[in-house]
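Read the structure below first, then the notes.
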């Protein structure tokens, strides 16, 4: 059976197999880009290297800074039941399975099979003898491709980086979802407070209308002030239906985010609450680490790693492939003799295949994968630039809105005093009703603007936490 020859060939192949794990793999070894490590990023964020831990520490579970139990509960429900999170988790399971599939290429492939054939030869092909009979076979087949040049190792490397990219993508879903829930909730409470302001002003204008009606009936004034008070009141009332519609839209949007049917949250939300607010957060410098930790930046970086490994996978096609093939089984023309020693059959030997001419497809595939790597690297760098822009933009908007809020607060106080004075003067007959109208309009507009500004501050703070990549850390820990 030439056992020594078989053992010799097998031993040589096993030595190759044992040493190939230490051989360098073809293609480029991935090296992380230094784009997000340079002085440019630190300068853009004014990162002086001090106080970074304080900022990073505030990112996990940032929604709790608003001290609103309902907001905290809605974020928790969304992170647990939102369908986008479900999809993201399923993508992670898919990526883990594909990693196992990629690693399986380095292991022997063993199969088992059996067959039965009833055969008969043609008498016209062999007129002197005609053979017919049965053929029984059963056995194992094995194939083992030796990863001599690292093509399989590069596939595993690409699959591992792909899994990490998908995991970072799930983190990005967490970040976006928490921010969207918070912004929608703030929008709902802002619309609710705006509705309160409009209704309060409508009640005040109703009193003015009643006053003018009495003065007209008493002959103390013309009908002009009465009609002016009517259109002022009705104009104010006309703003109520759009705000009620906005409340419905916000409530339905929150229901979708937490994974329930629209309408199910109305009972929880209808009780009036203040707009969620937090202490002013002043940031002179942003730690560069915040940008590097952003899930979308990590996704882009891992995609570069995937593309780099795929260049190695493509390069491995230039080299020969060494495989060890073997089979062992039983074969007999009689079912009763299948299990006898004389029915044993086997084969064992190496196989080499080397593509010689493929019309340039292999080298052009390498060029294509290299171009994909260049695209991924450019995409990563652009993602870092976008992240810095997001942080700077929202930080400026957040800071400037605070100044606007302070200005509006002073304006509301002055407008209320002006309205009180104009009403007193009108009752005394010392001023025209037009001044009362203007004062009432100004008060309502400024009060509503103040409410909107307060909600905008909270939404800018939410956007700032999102721009810093906050939220996924706390969820991951839980």
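In our numbering, the protein residues as written are 233 to 710.
Ideal Cβ positions, reconstructed from N, Cα and C, are used throughout, including at glycine.
If you're wondering where the values come from, they're calculated on a predicted model, not measured in any experiment.
| Asked | Found |
| --- | --- |
| Note down the Cα distance separating residue 703 from residue 310, rounded to an integer number of angstroms. | 13 Å |
| CA-CA distance, residue 431 and residue 520? | 47 Å |
| Just curious, the alpha helix (DSSP H) that residue 500 is in, first and last residue? | 498-501 |
| So what's residue 298 in DSSP terms, helix, strand or just coil? | helix |
| Tell me which same chain residues have a C-beta within less than 8 Å of the C-beta of residue 602, skipping the five on either side of it? | 543 |
| Mind checking whether residue 199 and residue 578 have CB atoms under 8 Å apart? | Given a span of 233 to 710 for the chain in the structure shown, any question on residue 199 remains unanswerable. |
| Are the C-beta of residue 640 and some C-beta of chain C separated by less than 8 Å? | Here there is only one protein chain, and chain C is not present. |
| Please return the same chain residues whose Cβ sits closer than 7 Å to the Cβ of residue 296, not counting the five positions on each side in sequence. | 304 |
| In chain order, what residues of the same chain lie with their CB nearer than 6 Å to the CB of residue 233, ignoring the 5 residues before and after it? | Unreliable positioning characterises residue 233 in this predicted model, as indicated by a pLDDT of 42, which lies under 50. A coordinate reading is not provided. |
| What residue from 462, 500 and 511 has the CA that sits closest to residue 693's CA? | 511 |
| From the DSSP output, in three-state form, read off residue 512 for me. | coil |
| By the three-class DSSP mapping on this structure, what secondary structure does residue 267 have? | helix |
| Taking the beta carbon of residue 586 as the centre, do at least 16 other beta carbons fall within 10 Å, making it buried, or is it exposed? | exposed |
| Kindly indicate the opening and closing residues of the alpha helix (DSSP H) around residue 665. | 665-699 |
| Looking at the secondary structure, which residues open and close the beta strand (DSSP E) in which residue 376 lies? | 364-378 |
| Give the secondary structure of residue 342 by DSSP, where H, G and I count as helix, E and B as strand, and everything else as coil. | strand |
| Taking contact to mean 3 or more Cβ pairs, one atom from each stretch, closer than 8 Å, check whether the region 486-499 and the region 308-324 are in contact. | yes |
| In chain order, what residues of the same chain lie with their CB nearer than 6 Å to the CB of residue 364, ignoring the 5 residues before and after it? | 352 |
| Between residue 541 and residue 262, is the Cβ-Cβ spacing less than 8 Å? | yes |
| Write down every uninterrupted run of the alpha helix (DSSP H) in the region 396-462 whose length is 4 residues or greater and which is fully enclosed by it, in chain order. | none |
| Under a Cβ-count criterion, where at least 16 other Cβ atoms within 10 Å of its own Cβ denotes burial, should residue 583 be classed as buried or exposed? | exposed |
| Quick check for students: name the residue ranges of the beta strand (DSSP E) that lie wholly in the region 514-597, counting only runs of 3 or more. | 553-564 and 576-585 |
| Can you find the residues in the same chain that come closer than 8 Å, C-beta to C-beta, to residue 420, ignoring five residues on each side of it along the sequence? | 479, 482, 483, 486 and 501 |
| What residue range is occupied by the uninterrupted alpha helix (DSSP H) comprising residue 335? | 315-336 |
| Starting from the C-beta of residue 331, find all residues in its chain whose C-beta is less than 8 Å away, skip the five residues before and the five after it, and write them out in chain order. | 388, 391, 392, 394 and 395 |
| Hey, could you find the ends of the alpha helix (DSSP H) residue 482 is sitting in? | 472-490 |
| Give the DSSP-derived three-state secondary structure of residue 703 in the structure shown. | coil |
| Between the C-alpha atoms of residue 563 and residue 589, what's the straight-line distance to the nearest angstrom? | 39 Å |
| Counting pairs of beta carbons, one from the region 622-633 and one from the region 404-421, are three or more of them closer than 8 Å? | no |
| Report the option in 671, 686, 661 and 599 whose CA atom is closest to the CA atom of residue 454. | 661 |
| Determine the DSSP secondary structure at residue 238, reduced to helix, strand or coil. | Low confidence applies here, because residue 238 scores a pLDDT of 48, under 50, leaving its location unreliable and the question unanswered by this model. |
| Across which residues does DSSP place residue 387 in a beta bridge pair? | Paired residue(s): none; residue 387 is not in a bridge. |
| Return yes when the Cβ of residue 343 is within less than 8 Å of the Cβ of residue 372, no when it is not. | yes |
| Compare the Cα-Cα distances from residue 547 to each of 324, 655 and 382 and report the closest residue. | 382 |
| What residues are listed by DSSP as bridge partners for residue 350? | 366 |
| Leaving out five residues before and five after residue 235 in sequence, what residues of the same chain have Cβ atoms less than 6 Å from its Cβ? | In this prediction, residue 235 scores a pLDDT of 47, lower than 50, which makes its location untrustworthy; the coordinate-derived value is nonetheless stated afterwards. Same-chain partners within the cutoff: there are none. |
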